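Visitor: Please read through the structure below; I'll follow up with questions.
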Amino acid sequence: MQIKNDSKNPLVNVGFLFQKSIQAFNLKLDREKIVLFQKQHLLHQKFHIPHPALQDFVSNIMIVEADLNHIKQSVICPFPPTPQNCIYFYINDPVQTQKLGTAAFTKKAPSIIVGPQLTRVNLEMGKNHLMLCVSFHPGGLFRLLGIPMKHFFDEDVDAALLFSDAEISSINQQLKEANSWQHMKNIVELFLISKIDKLKTLLPFDMAMKELVKSGGTMSMESTASLSCLSLRQFERTCNERIGLSPKLFARLVRFSKAYRLKESQQQLSWTSIAYSSGYFDQMHLIRDFKEFAGVTPRFLEDELTATPLRLQANIKI
């Protein structure tokens, strides 16, 4: 019996839906293969423990390399905010960023300082991406610069504006000429060690905020203030100066970042499982934070990640 090509025919509708489901399943398999290929071949990164003289204010030094020459189209990756303050050195191709809610991409300086961020950016990577990132413990960038972190809120600054232009230019050139990743690490460490004599004093507050981060943002404000040896009012004032955010907002950002990085590194996990593992009271609180910090719902962001060739936060150390 021949079935007419009639949209009102239920058999035709069933066949059409079956065909679409098969196409969707095949697309899912293709994306999984792409992700597997990307993890194996595209992104190479290594975390270095900083020199002992730096360890009370520097968390780690990360180097990332990605050869994207075989990808014809532009490589654009979502990069939601993290609780870390960082200095980035772009050694080969520059990177361009687009802040959520804006249309244009902006070319970044070869070395930038990034303070407290709450707004997601999209990163457009160069074809020969090589980057060194210095990640600071909570309060560490304030101790290095001596500038209240509120002045860096949701902005990045050319490092040459805060250090001498000649000094940063020299470091950028040395990084380009370095013969190994270890050599690159040594160059940046020597630069940071030269600044130690002007470093702001380490406070109990800084140690308490490290514990807050270790807890995944779940430690109570009262407990964190107590570890800081401060009243709640003093604790909030100090947090705004040295972190650039209120304590509660910073704790939310820590918790969100853990949830987001779990999804990047373990895509098979359900959002319910991620919410539970990240210390959320329920999935609605997770959705609220994703809307605020990533600009989209978890489900929509998952679709974006599937179409993205790189997982930039999957393995970063907070």
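My numbering applies: residue 1 is where the sequence shown begins, and numbers increase by one.
Cβ atoms here follow ideal geometry from the backbone N, Cα and C, with glycine treated the same way.
In this text, all values refer to a predicted model and were calculated from it rather than measured experimentally.
1) My output table needs one value for CYS77: the three-state DSSP class, helix, strand or coil.
2) Strictly by DSSP, which residues pair up with THR97?
3) Which whole-angstrom value is the C-beta distance of PRO110 and ASN172, which I expect to be below 8 Å?
4) Just tell me which of THR201, PHE191, PRO52, PHE235 has its CA closest to the CA of MET209.
5) Which ranges does the beta strand (DSSP E) cover as unbroken runs of at least 3 residues, wholly within the stretch 151 to 191, from first to last along the chain?
6) Helix, strand or coil for ILE147 per DSSP?
7) Could you spell out the range, first to last residue, of the alpha helix (DSSP H) harbouring TYR369?
8) Can you tell me which of the three DSSP states CYS133 falls into?
9) Restricting to Cα atoms, I'd like to know which of VAL296, GLN55, ARG242 is closest to PHE152.
10) For LEU305, which residues of its own chain have a beta-carbon under 8 Å away from its beta-carbon, when the five flanking residues on both sides are left out?
11) Have a look at ASP303, ALA66, LYS214 and flag the residue whose alpha-carbon is nearest the alpha-carbon of GLN84.
12) With which residues is LEU43 paired in a DSSP beta bridge?
13) Could you tell me the boundaries of the alpha helix (DSSP H) in which VAL213 lies?
14) So, are the CB atoms of MET62 and SER135 less than 8 Å apart?
15) Can you tell which of VAL296, SER74, ASP303, ASN315 has its C-alpha closest to the C-alpha of LEU100?
16) Closer than 7 Å by C-beta to SER74: which residues in its own chain qualify, once you throw out the five before and the five after it? Chain order, please.
17) The beta strand (DSSP E) spanning ILE274 covers which residue range?
18) Which of the three DSSP states is assigned to ASP61 in this structure?
19) Provide the residue(s) that pair with HIS48 in DSSP beta bridges, ordered along the chain.
20) Are there 16 or more other CB atoms within 10 angstroms of the CB of PHE205, so buried, or fewer, so exposed?
21) Taking the alpha carbon of HIS129 as the reference point, which residue from SER228, VAL58, ALA104, LYS176 has its own alpha carbon closest?
Guide: In short, the structure shows the following:
1) Here residue 77 refers to the residue found at position 77 of the sequence shown. Reduced to three states, the DSSP call for CYS77 is strand.
2) For the purposes of this step, residue 97 is identified with residue 97 of the sequence shown, where counting begins at 1. THR97 is bridged to THR106, LEU123.
3) Here residue 110 corresponds to residue number 110 of the sequence shown, with the count starting at 1. Here residue 172 corresponds to residue number 172 of the sequence shown, with the count starting at 1. That pair is a contact at about 5 Å.
4) Counting from 1 along the sequence shown, the entry for residue 209 is found at position 209. Comparing Cα positions, the closest option is PHE235.
5) 156 to 158
6) As a working note, residue 147 is residue 147 in the sequence shown. ILE147: coil per DSSP, three-state reduction.
7) Outside the shown range of the chain (1 to 318) lies residue 369, about which nothing can therefore be said.
8) Taking the sequence shown and counting its residues from 1, one reaches residue 133 at position 133. Note: CYS133 maps to strand in three-state DSSP.
9) Indexing the sequence shown from 1 puts residue 152 at position 152. The shortest C-alpha separation from PHE152 is found at ARG242.
10) The sequence position of residue 305 within the sequence shown is 305, counting from 1. The residues are PRO78, LYS263, GLU264, GLN267, ARG311.
11) Position 84 of the sequence shown, counted from the start, is the residue given in the question as residue 84. Of the candidates ASP303, ALA66, LYS214, the one whose C-alpha sits nearest the C-alpha of GLN84 is LYS214.
12) Indexing the sequence shown from 1 puts residue 43 at position 43. LEU43 is bridged to ALA66.
13) Walking along the sequence shown from the start, residue 213 turns up at place 213. It spans 204 to 214 - the alpha helix (DSSP H) in which VAL213 sits, taken as one unbroken run.
14) Here residue 62 is taken as the residue at index 62 of the sequence shown, counted from 1. Here residue 135 is taken as the residue at index 135 of the sequence shown, counted from 1. In this structure, SER135 lies closer than 8 Å to MET62 by Cβ.
15) Numbered from its first residue, the sequence shown carries residue 100 at position 100. If we check each option's Cα against that of LEU100, VAL296 comes out closest.
16) Taking the sequence shown and counting its residues from 1, one reaches residue 74 at position 74. If we look at SER74 and ignore the five residues flanking it on each side, its Cβ neighbours are GLU124.
17) For the purposes of this step, residue 274 is taken as the residue at position 274 of the sequence shown. Careful: ILE274 lies outside any beta strand (DSSP E), inside the alpha helix (DSSP H) at 271 to 277.
18) The count along the sequence shown starts at 1 and reaches residue 61 at position 61. The sequence as given places Ile at residue 61; Asp does not occur at that position. Here ILE61 sits in strand by DSSP.
19) The residue given as residue 48 occupies position 48 in the sequence shown. The partner list for HIS48 (beta bridge, DSSP) reads ILE61.
20) As a first step, residue 205 is located in the sequence shown; it is residue number 205 there, counting from the start. Counting Cβ neighbours within 10 Å, PHE205 comes out buried, since at least 16 surround it.
21) Start at 1 with the first residue of the sequence shown, and residue 129 comes out as number 129. The shortest Cα separation from HIS129 among SER228, VAL58, ALA104, LYS176 belongs to LYS176.
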